[in-house]
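One structure is given below, encoded as structure tokens.
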Amino acid sequence: MKTWFITGCSTGIGRGIAKAALMAGYQVVITARNVAGIQEFEAEYPNTCICLPLDLTEEKSIEQAV
């Protein structure tokens, strides 16, 4: 099974791509600076989704997410 790693999923295109990938049955790692705005994905897709905090302006945040 393929796994997607998608950044910026709290709004806009990232959120739309995450939803589409999950609906298509893929495993998806969803990231956002504030995971509170994306946790409903884990609730709706508990077997194929994980939500992680990620701030692309902070190297340590990137290392932890990856």
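Every letter in the sequence shown is one number past the one before it in our numbering, and letter 29, counting from 1, is 41. Glycine included, every Cβ here is placed at the ideal spot set by N, Cα and C. Just so you know, these numbers come straight off a predicted model, no measurement behind them.
- The beta carbon of A30 sits closer than 7 angstroms to the beta carbons of I18, C21, V40, I42, F53 from its chain, once the five residues preceding and following it are set aside; these are given in chain order.
- Going by DSSP, L64 is part of the beta strand (DSSP E) stretching over 61-65.
- Pairing A77 with L68 gives a Cβ-Cβ distance that is not under 7 angstroms.
- Sequence-distant partners of S73 (beyond 5 residues in either direction) whose C-beta falls short of 8 angstroms from its own C-beta, in its chain, are P65, L66, D67.
- For the set W16, R27, L34, M13, the Cα lying nearest the Cα of E56 is the one of L34.
- Scanning the region 20-54 from its first residue to its last, the whole alpha helix (DSSP H) runs of 4-plus residues come out as 24-35.
- Annotated as proximal: I50 and C63, with beta-carbon spacing under 7 angstroms.
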